[in-house]
Each structure stands twice: as structure tokens, then as C-alpha cells.
Amino acid sequence: MLMLSACSSGNSTDSATAGGPAGDPVTGGTGRIIEQWEPRTLDPAQITNWWANSPVLGNALYGTLMTNDLETGEIDFKLAESLTTADAGKTFTLTLRDGVQFSDGSPFDAAAVKFGWEHVKDPATASPDIPQAKLIESSRVVDDRTLEVTLVEPVPNFANAIVETSMNWIASPASLRAGQQAIDSNPIGAGPYTLEQWSRQDVIKLTRNVKYYDAPLPYLDKLEIRAIGDADQRYNTLVSGGADLALEGIWSNIAKARDAGLQNAVVPLGGGTDLALNTTKAPFDDVRARKAFALALDLDGINNAVFEGTAELPRTLFDESSPFYKDIPLAEQDRAEAQRLLDELAAEGKPLEFTISLYPSNRALGEAIQTQLSTLNNIKVNVRTIDLAQLGQIMARKDYDALVAGLMFSDPEPRLWFGLHSSSSGNYSGIADPQLDEALDKGLSSQDESERVAAYEVVQQRLAELNPLIFYTRAAPGVMANGNVGGVVQYGMGSVLPETLWIQK
């Protein structure tokens with residue numbers, strides 16, 4: 027977990043220029059929270075557990091099986107009591123905390139976890155976290171508190187797959203079986219809050235769950251959660267006093283918050299936000315087309331145009347602080363070589379034309395790329411705007427040439443494997459490379475640090491050679507809060523815990 031503090035650091039991993047209130051937490055009051063997306067449903071399998079979506083809502087309604095300390099990587103158990111393996115990650119035993127109840131009084135038990143994870147894994151659910159759930163080959167309820175889980179392959183870091191996804195949120199099986207309309211009107215979880223009212227396109231009101239296991243938490247009596255997709259509006263709402271806390275993913279907003287003396291923090295991650303190039307069909311099934319696109323881009327220019335020069339740029343896959351870091355550039359701008367490749371493709375009757383699929387909030391990115399590439403010959407870039415609700419279907423059909431996506435991680439596994447292995451449904455680029463697969467398999471399953479270092483060096487080399495992804499910024503899994511807000515804690519992929527929040531009166 028990462029807590030906002032009064033210290034400052036150059037890399038923004040814990041960079042609050044103004045700390046929260048001093049003293050003991052205060053009970054009572056209403057926390058006004060801004061998230062970036064409103065969910066289509068309150069089914070936890072479809073509420074993505076990362077900063078750019080609705081993680082506070084998921085944590086509030088369903089609680090967390092476990093969280094992680096973002097500085098040490100240690101797992102902190104919540105609704106779960108332990109997760110252990112005796113065979114290097116092939117099987118795990120999940121033990122739940124004793125005496126926990128769902129908000130309707132029914133038992134929070136191993137059968138509920140089994141049902142929830144199978145629900146995420148079911149293709150009919152269309153969960154974005156199906157790649158992580160598909161790590162599970164089978165599971166068996168041993169007793170009310172114990173679930174035995176067998177994985178398809180050994181994954182020593184399986185806990186990361188839970189912490190960073192909706193697998194961390196367990197709903198009552200009865201509420202899931204009742205269907206979407208029922209769970210949207212009355213979601214039953216074991217989290218610190220329950221649903222009071224959902225006014226779509228406006229506000230989600232939550233009230234304290236009196237059956238929450240971890241008294242005296244939560245500190246706040248109520249939460250009001252609003253979704254604001256526009257970055258300027260998010261920031262202005264916070265600084266004008268219209269909200270207490272906002273989840274943020276835009277570097278320029280984080281910089282403004284820091285300059286204004288607001289509390290702010292960003293979870294440090296490798297990888298970043300990228301353009302996933304669909305290697306399963308033309309034009310990006312040709313490595314020359316991918317390389318031409320990658321070499322043509324000026325990342326500093328994109329940073330200035332889109333992020334006001336405030337973003338951290340991913341020159342390498344791993345941050346220099348990572349034990350897996352190697353100085354292997356992902357792509358360095360070379361417009362002359364890009365033009366040579368474009369001319370070569372055109373001479374073969376394949377001038378490069380493609381469409382970038384992006385979200386409304388990425389409009390400036392699309393415009394910047396079109397502007398940069400307009401000065402080259404034999405290349406045409408189109409832009410298609412999509413909605414987050416379309417993403418599952420678009421990915422399933424591979425209905426894109428280039429897609430704004432993200433491959434970011436603290437420990438590389440299991441996320442790197444999900445994002446790059448040829449057998450993973452989370453491989454948005456569709457890249458299939460035996461050397462890359464072998465290295466990813468070794469990095470995923472090995473418990474030997476030196477073996478993992480060697481494996482990830484191969485991964486970095488193959489990414490630089492194949493260019494299936496074009497990373498254009500490090501992710502900014504951020505949070506901003508006013509000075510009277512205490513207990514701001516991040517975990518996983520920038521997810522914020524609601525139960526620890528309190529407001530000085």
C-alpha cells in the first residue's frame with residue numbers, strides 16, 4: 027500500500043507536497059469521491075480494479091481479499107487470512123477470515139469465492155479480467171473457510187493476479203445468480219459500504235455497512251461517488267471544493283495538484299500506456315510497418331502536446347529502479363529509417379494506412395500522432411473513437427489496427443505474461459513469438475531471481491525487435507486529495523481504499 031504523506035520525491039511515487047490532517051482519524055461525515063468512469067453494472071467482474079475506472083466503488087461494495095504494500099511488495103490480508111503454496115505455485119490454499127458476513131447476513135465463505143472466480147472466468151460475463159481468472163485450472167471447497175486452487179501452470183506470484191483485478195471482489199452468489207438488474211439495484215458484498223442510491227450519469231450514494239468485519243472502520247458514514255471523464259473538470263471540481271478526493275491518471279493534473287499544494291501520489295509502475303498494434307492482420311502483421319510507426323513517433327512531442335510536458339516517458343520497459351532493468355531502448359525516433367521502411371512497403375503495393383481506436387479522453391493523442399506523421403510519405407492515420415463499454419467486444423474480435431491500451435506492472439508477473447504471451451487472451455497485439463513466449467514462461471514460473479533477470483532481458487530484446495506495442499507514457503495511477511482528507515491509501519494498480527478515509531471537521 028502507498029499512503030499520502032507530507033514528503034516529496036522526485037519520481038512522484040509518494041510526492042505529496044502537502045500532507046493530510048494530523049491526529050487520530052475522525053469518525054463520521056460524507057466523502058465526495060471522483061472516479062474517471064461510471065460502471066455499466068455493479069457486477070464486480072465488470073468493475074475494473076485500476077485507477078482509470080471505478081476501483082473505489084468496487085472496494086467499497088465488496089471489500090478486498092487482500093492488498094499489497096507498494097513499497098515492499100508484501101501482501102496484506104483483509105477478508106482473506108492467508109494464501110499459501112507448498113509446490114512453487116502450482117496449487118494454492120486460500121483461507122478466509124473467520125466470521126465474515128455479506129451485507130445481507132449470509133456467510134462469506136469459500137464457496138462464494140469459488141463462484142465469484144468462476145464468474146470472472148466465464149466468457150459470457152465478458153470480464154476484462156478473464157486472462158487472470160483463466161490461470162485457474164480448477165478449485166475445490168475444502169470447508170467453509172478454505173478453498174484449494176490448482177493453476178494451469180505454476181505462478182508463484184498468483185496473489186498479484188488477485189490484488190490487481192476484480193478477483194479481489196467477491197459478491198454474494200445469490201445476488202449474481204439473480205441477474206444484472208438485481209445486482210445493480212441491490213449489490214450484496216462484504217465491503218465497508220452498501221448501496222443507497224445509484225442515479226446513473228450523476229451520483230452513486232453509499233452508506234456504512236454495519237456488518238463490516240473490521241470495526242471501527244469505515245470512518246466515513248457515507249460516500250458519494252461521481253464519474254468525471256474530463257481531466258480539467260476533475261481537477262477544477264476538486265480545487266473548487268466540489269469533491270474531497272479524485273482518482274487521477276493524467277500527469278498534467280498531478281503536476282497541477284502538486285503545485286497547488288494538494289495531496290497527491292502516483293503508484294510507480296513499469297511498462298506504461300501504449301498503442302497495441304494488431305499483429306494478426308494487415309497492416310501490422312508486417313514487422314516493417316510496426317517498426318516504421320514506432321520510429322516515426324516523437325515521444326517528447328507527444329508529451330508536450332498531450333501532457334504539457336509533465337509525463338514520464340518509457341524509454342525502456344522497466345524503470346531504472348527495477349531489478350530487471352536493462353538499458354535496452356524500446357524504440358528511438360529515426361524518421362529517416364521510418365521513411366525508408368514506408369517507401370519499401372509502398373513499392374510492394376502496401377502503403378501504410380491504419381486506424382487508431384481511442385477513447386474520447388485521448389483525442390489530443392490522436393491529433394498529435396496525425397500531425398507528426400502527416401509530414402511523412404506513404405502513411406495515412408485515421409482515428410476512431412470508442413467507448414469503454416465497447417472494449418470487451420472490440421478486443422474479443424480483434425477489431426482494431428492500433429488500440430490505446432496499457433501494459434503496466436510493479437512485479438512483472440503475471441501481467442507481462444498476460445499482455446505478451448501468444449496463448450493469453452489479454453495479448454492485445456496478438457504477437458506470437460517463440461523466443462518471447464519461452465522467456466515469459468520462465469519469468470512467470472521461476473522462483474530464482476537470476477533466472478528471472480535473464481528471462482526478462484530476452485523479453486526486453488524481443489520487444490525492441492518486434493515492436494508489438496508502442497509505449498508513449500508511463501502510467502500515472504494517481505490520486506489527489508484536499509488537505510483535510512486523511513487515510514488515503516493506494517494499492518495494486520492505483521486502487522484506493524475507502525474504509526481508511528476520514529475528513530477533519
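Residue numbering for the sequence shown follows my numbering, beginning at 27 and increasing consecutively. Here a beta-carbon is modelled for each residue, glycine too, at the ideal position from N, C-alpha and C.
Pair within 8 Å by beta-carbon distance, residue i and residue j
i	j	result
residue 530	residue 253	no
residue 77	residue 271	no
residue 507	residue 428	no
residue 170	residue 135	yes
residue 455	residue 399	no
residue 497	residue 327	no
residue 90	residue 105	yes
residue 433	residue 445	yes
residue 178	residue 161	yes
residue 94	residue 517	yes
residue 213	residue 187	no
residue 140	residue 168	no
residue 373	residue 336	no
residue 499	residue 279	no
residue 478	residue 350	yes
residue 379	residue 352	no
residue 138	residue 199	yes
residue 502	residue 276	yes
residue 519	residue 235	no
residue 57	residue 246	yes
residue 126	residue 219	no
residue 525	residue 243	yes
residue 323	residue 365	no
Residue from the options whose Cα sits closest to the Cα of residue i
i	options	result
residue 203	512, 144 and 248	144
residue 386	398, 411, 220 and 401	411
residue 86	233, 164 and 366	233
residue 509	264, 279, 476 and 200	264
residue 255	64, 158, 247 and 394	64
residue 191	526, 471, 486 and 80	80
residue 383	372, 431, 352 and 362	431
residue 449	165, 464, 218 and 127	464
residue 195	422, 475 and 71	71
residue 267	60, 112 and 189	60
residue 319	287, 363, 341 and 224	363
residue 107	99, 122 and 334	122
residue 112	513, 473, 521 and 502	473
residue 292	521, 51, 56 and 527	521
residue 346	296, 322, 285 and 314	296
residue 394	442, 332, 360 and 354	332
residue 470	437, 124 and 459	437
residue 73	132, 156 and 491	156
Cβ distance (whole Å) where residue i is taken to contact residue j below 8 Å
i	j	result
residue 290	residue 504	6 Å
residue 20	residue 294	A question about residue 20 goes unanswered here, because the residues of the chain that appear run from 27 up to 531.
residue 120	residue 109	5 Å
residue 356	residue 343	6 Å
residue 304	residue 468	With a Cβ gap of about 26 Å, residue 304 and residue 468 do not count as contacting.
residue 184	residue 84	Not quite, the Cβ-Cβ distance comes to about 20 Å (not below 8 Å), so this is no contact.
residue 175	residue 165	5 Å
Secondary structure of residue i, DSSP reduced to three states
i	result
residue 232	strand
residue 154	coil
residue 393	helix
residue 226	coil
residue 402	coil
residue 410	strand
residue 220	strand
residue 528	strand
residue 368	helix
residue 194	helix
residue 359	coil
residue 420	helix
residue 209	helix
residue 374	coil
residue 134	coil
residue 383	strand
residue 11	Not covered by the structure: residue 11. The range shown for the chain is 27 to 531.
residue 162	strand
residue 167	strand
residue 435	strand
field: Segments of 4+ residues assigned as alpha helix (DSSP H) that fall wholly inside the region 468-523
entry: Fully enclosed alpha helix (DSSP H) runs of 4 or longer: 475-492.
message: Suppose only complete runs of 4+ residues qualify. What are the alpha helix (DSSP H) ranges in the region 28-116, listed by chain order?
response: When DSSP assignments are scanned along the region 28-116, the uninterrupted stretches of alpha helix (DSSP H) that are 4 or more residues long and fall wholly within it turn out to be 81-88.
field: Length at least 4, wholly inside the region 296-349: the alpha helix (DSSP H) runs in chain order
entry: Runs of the alpha helix (DSSP H) spanning 4 or more residues and lying entirely within the region 296-349 occur at 313-322 and 325-333, in chain order.
query: What runs of the beta strand (DSSP E), each 3 residues or longer, lie entirely inside the region 228-287?
result: Counting only runs of 3 or more, we get 229-234, 248-253 and 271-274.
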